[in-house]
Amino acid sequence: MIAVLRATLAKDLRLEWRSKDAVNSMLFFALLVAVIFSFSFDPTAEESRRIAGGLIWVAFLFAAVVALNQTWARELRSQVLDAYRVSPASPNALFLAKAVGNFLFVALLEVLMTPLFIVFYNLRAIGPVWQLALVAALGTWALVVNGTFFAAMSIRTRSREVMLPLILFPISIPALIAMVQATTGILTGELSPRFWINLLLVYDVVFTTACLVLFETVLDAE
Amino acid sequence: MRKATVFALITLGLLTWGLHQAMVAAPTEATMGDVQRIFYYHVPSAWTAFACFLLNFVASIVYLFKRGQRADAFALSTAEVGVVFCTVVLVTGPLWAKPVWGIWWTWDARLTSTLVLWLIYVSYLLLRKFSTSGQTPVIAAVLAVFGFLDVPLVYWSIRIFRTQHPQPVVGGGEGSGIDAQMFQALMINWVAFMVFAAMLVWLRFRLERARQQVNEAYLLRDSADIPQRMKVSR
Amino acid sequence: MYGVQGDNGAGKSTLLRVIAGLIEPTAGSVQVFGRKPRDAKRSLGYMAHASMLYDELDAVENLLYFGGLYGVGRERCEEAIRAVGLDPALRRRVGQYSQGMRQRLSLARAVIHNPALLLLDEPFSNVDAHSAREMVALLARMRDEGRTVFIVTHQPALLEGVADEFVSMESGMIVARWPARGAAATIESARVERTQEARR
Numbered sequence: 001m002i003a004v005l006r007a008t009l010a011k012d013l014r015l016e017w018r019s020k021d022a023v024n025s026m027l028f029f030a031l032l033v034a035v036i037f038s039f040s041f042d043p044t045a046e047e048s049r050r051i052a053g054g055l056i057w058v059a060f061l062f063a064a065v066v067a068l069n070q071t072w073a074r075e076l077r078s079q080v081l082d083a084y085r086v087s088p089a090s091p092n093a094l095f096l097a098k099a100v101g102n103f104l105f106v107a108l109l110e111v112l113m114t115p116l117f118i119v120f121y122n123l124r125a126i127g128p129v130w131q132l133a134l135v136a137a138l139g140t141w142a143l144v145v146n147g148t149f150f151a152a153m154s155i156r157t158r159s160r161e162v163m164l165p166l167i168l169f170p171i172s173i174p175a176l177i178a179m180v181q182a183t184t185g186i187l188t189g190e191l192s193p194r195f196w197i198n199l200l201l202v203y204d205v206v207f208t209t210a211c212l213v214l215f216e217t218v219l220d221a222e
Numbered sequence: 001m002r003k004a005t006v007f008a009l010i011t012l013g014l015l016t017w018g019l020h021q022a023m024v025a026a027p028t029e030a031t032m033g034d035v036q037r038i039f040y041y042h043v044p045s046a047w048t049a050f051a052c053f054l055l056n057f058v059a060s061i062v063y064l065f066k067r068g069q070r071a072d073a074f075a076l077s078t079a080e081v082g083v084v085f086c087t088v089v090l091v092t093g094p095l096w097a098k099p100v101w102g103i104w105w106t107w108d109a110r111l112t113s114t115l116v117l118w119l120i121y122v123s124y125l126l127l128r129k130f131s132t133s134g135q136t137p138v139i140a141a142v143l144a145v146f147g148f149l150d151v152p153l154v155y156w157s158i159r160i161f162r163t164q165h166p167q168p169v170v171g172g173g174e175g176s177g178i179d180a181q182m183f184q185a186l187m188i189n190w191v192a193f194m195v196f197a198a199m200l201v202w203l204r205f206r207l208e209r210a211r212q213q214v215n216e217a218y219l220l221r222d223s224a225d226i227p228q229r230m231k232v233s234r
Numbered sequence: 001m002y003g004v005q006g007d008n009g010a011g012k013s014t015l016l017r018v019i020a021g022l023i024e025p026t027a028g029s030v031q032v033f034g035r036k037p038r039d040a041k042r043s044l045g046y047m048a049h050a051s052m053l054y055d056e057l058d059a060v061e062n063l064l065y066f067g068g069l070y071g072v073g074r075e076r077c078e079e080a081i082r083a084v085g086l087d088p089a090l091r092r093r094v095g096q097y098s099q100g101m102r103q104r105l106s107l108a109r110a111v112i113h114n115p116a117l118l119l120l121d122e123p124f125s126n127v128d129a130h131s132a133r134e135m136v137a138l139l140a141r142m143r144d145e146g147r148t149v150f151i152v153t154h155q156p157a158l159l160e161g162v163a164d165e166f167v168s169m170e171s172g173m174i175v176a177r178w179p180a181r182g183a184a185a186t187i188e189s190a191r192v193e194r195t196q197e198a199r200r
């Protein structure tokens, strides 16, 4: 299972490197969002710290959806999914490989976008910065694990690209609240992020388990 | 008398009793006045919606194990009725908040959680509507499981979010005392709403089962139409 | 080797997919070597009309990945590529292959793990004559080695002299079977047989 996971992840990274489909569109979209936000929300230095937490995560969320929507696109194009389903390889290996791949893409995006936000909003973290990394990691996984799973579900629907955010956003709300509150807490130093980090941890554990238990069911639904 | 009629009459009776309790029997609230009486519809609706979603969760899990059509029909019915009651909560909330606090929407913990619940189950209904394959029930059941697993997280996160950013609370905070007669009115209305919901679910269930059976009949008819052919053997 | 034919919508593809375990039958059951298809994955090879390959990878990369799903090593992958008449050293991406080359590589992918049962859905469609002949020859060799091969095709002529039996389907049922070689079939008894209820 680990071997298949590694092979699938390597294959996806190689494919992405060759075509650069997801990364390019994601990056450009994220840049656009950052610029538009700075026109729409033109804050003073103090206020900016307070709302930046929310803005950043909304921007990441929309950019992540762009990446998530094409998670299974290549597999569907040439009916590769059938080849996988017919083989004895574990479906969960496939799922985890896709989820980890998405995680890496979105993480890359965050690493590239954060400086932009710091510049546009004159940000400076008052609380401990390593906590920001932890929040980012847990929050990103929360979005990506459900996003990859729901992308597989929306394969069997009309208006696939619309369906994904439609079912992903409501369920992600607790995680989003947590991400935003934690980030704001660290940036302003006004509230402790510890509770929110714990919530993200619980969210991640609950939904990663749910995804692993139910992925095969979704994959085989034809 | 037909079952449906009996059911409807019982429901009507309970609702009427509940109405009387809410509007006449219960005392007027000290600070808010008569507007507060919306409480007897607002709160029971929320509890009823939650009960529906709980049943939807159970039905979905049963479906994933047994793949029975009845479980699927039940899941669909409870989800729809649950969304209806959720909508009632979301409409009565602002109706209550505006005269009392002058604002339409308060980010009150219960109201906000109900909004998220509503979003989750509307997305469930949309998924069912937009799904193309014959495996709609399976995908929907999976989403229902995810949605319900999310519910405690929704309540928890919003509750703590509210304590960090307090705002007016619709319907009395946690642990606020309640007058005995008001409590009685509340309970009677809750029972009435639950019976009402049960009736709606039952009717919707029958409708969905009928639709499923019509589909089955079409399928059978189409395959029975195939003319018999001979098998040629050496 | 069975040649399965029938008009569009007869249920041929569905039949293959049910045997492959991709679709659960709504009624009845399927057994592959005495087990359910999903328990017999190592004995199955499936090939669809779509290439089931990654366009952005070359032949070896594709087979290494799909072979890896079965635990098959590099040598066997290269061997399989050669067996269908392609060159493992070719670095061209599969997306730039001709249809014939693509189908041949897809066949290599389907048999990489030496399955005992092969299910091929329209393997020869839009394929040049040379590639088609190569594929038929390879499939005949595999049949001679003791494997069972189901081929759904609109071009039964390609299987003339090679297939053992032909099967005809209509509206979701197998309506006729006749041996390809040997004496002309005689009608001994007329029986109605519903082998599998193909779901539409």
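If you read the protein sequences in the order shown, they are chains S, Y and E.
No gaps in the numbering here: position 95 of the first sequence is 95 in the working numbering, and each next residue is one more.
No gaps in the numbering here: position 121 of the second sequence is 121 in the working numbering, and each next residue is one more.
No gaps in the numbering here: position 69 of the third sequence is 69 in the working numbering, and each next residue is one more.
Glycine is no exception: its CB is placed at the ideal position from the N, C-alpha and C atoms.
Assigned with DSSP and collapsed to three states, Y:ILE103 falls in coil, not helix or strand.
Taking a contact as a CB-CB distance under 8 Å, the pair E:ASN62 and E:GLN99 does not count as one, their CB atoms being some 16 Å apart. Of the candidates Y:ASN56, Y:ALA140, Y:VAL154 and Y:ASP34, the residue whose Cα lies closest to the Cα of Y:ALA109 is Y:VAL154.
The Cβ-Cβ distance between Y:GLN167 and Y:TRP107 falls below 8 Å. Looking at the DSSP output, E:PRO179 shares a beta bridge with E:GLU165.
Taking the beta carbon of S:GLN79 as reference, the chain E residues within 9 Å of it are ALA48, HIS49, ALA50, SER51 and MET52, listed in sequence order.
Two segments are said to touch when three or more pairs of C-beta atoms, one from each, lie closer than 8 Å; by this definition the segment 7 to 21 of chain Y does not touch the segment 97 to 115 of chain S. Assigned with DSSP and collapsed to three states, Y:PHE65 falls in helix.
For the 8 Å CB-CB criterion, S:ALA67 and S:MET113 do not form a contact.
Per DSSP, the continuous alpha helix (DSSP H) segment holding E:MET135 begins and ends at 129 to 144.
Rounded to the nearest whole angstrom, the CA to CA distance from E:GLY21 to E:ILE151 is 17 Å.
Listed in chain order, the non-local C-beta contacts of E:ALA48 below 6 Å within the same chain comprise ASP121, local neighbours out to five positions each way being set aside. Taking 8 Å as the CB threshold, S:PHE95 stays off the interface with chain Y. Contact residues of the segment 6 to 30 of chain S toward chain E are ALA7, THR8, LYS11, ARG14, LEU15, ARG18 and SER19 (C-beta to C-beta distance below 8 Å).
Of the candidates Y:PRO99, Y:PRO152 and Y:PRO94, Y:PRO152 places its Cα closest to the Cα of Y:ILE120. Non-local beta-carbon contacts of E:GLY85 in its own chain, meaning distances under 7 Å to residues more than five positions away in sequence, involve ARG104 and GLU134 in chain order. For S:LEU134, same chain residues with a beta-carbon under 7 Å away, outside a window of 5 residues either side, are ILE197 in chain order. A straight-line Cα-Cα distance of about 23 Å links E:LEU118 and S:ARG77.
Taking 8 Å as the CB threshold, Y:GLN135 lines the interface with chain S. Y:ARG2 and Y:MET199 have their C-alpha atoms some 13 Å from each other. Residues of chain S with a Cβ closer than 8 Å to the Cβ of Y:VAL154 are, in chain order, ILE173 and PRO174. Considered as a whole, the segment 111 to 185 of chain S harbours no complete run of any beta strand (DSSP E) with no fewer than 3 residues.
Contact check between the segment 65 to 83 of chain E and the segment 13 to 32 of chain S: fewer than three CB pairs, one atom from each, fall below 8 Å, which does not count as touching.
Non-local C-beta neighbours of Y:ALA59 in its own chain, meaning closer than 7 Å and more than five positions away in sequence, comprise ALA71, PHE74, ALA75 and THR78, ordered along the chain.
Distance from the CA of E:LEU44 to the CA of Y:LEU143, rounded to the nearest whole angstrom, comes to 32 Å. Annotation note: the segment 71 to 127 of chain E contains the following uninterrupted beta strand (DSSP E) runs of length 3 or greater, listed N- to C-terminal: 117 to 121. Think of a sphere of 9 Å around the beta carbon of S:ARG74: the chain E residues whose beta carbon falls inside it are TYR54, ASP55 and GLU56, in chain order.
Annotation: E:ILE151 is outside any alpha helix (DSSP H); the continuous beta strand (DSSP E) that includes it extends over 148 to 152. Look at E:VAL30 here: in three-state DSSP terms it is coil, with no helix or strand label.
E:GLY3 carries a strand assignment under DSSP once its states are collapsed to helix, strand and coil. Taken through DSSP and simplified to helix, strand or coil, E:ILE174 comes out as strand.
Residue range 136 to 164 is occupied by the alpha helix (DSSP H) that includes Y:GLY147. The residue among E:ARG141, E:VAL94 and E:MET1 with its C-alpha nearest the C-alpha of E:ASP58 is E:VAL94. Looking at S:ARG6, S:VAL4, S:ARG85 and S:LYS11, the one whose alpha-carbon comes closest to that of E:GLU56 is S:LYS11. Less than 8 Å divides the Cβ of E:MET1 from the Cβ of E:ALA163. Close partners of Y:LEU200 in chain S (Cβ separation under 7 Å) are lacking, with about 23 Å as the shortest Cβ gap.
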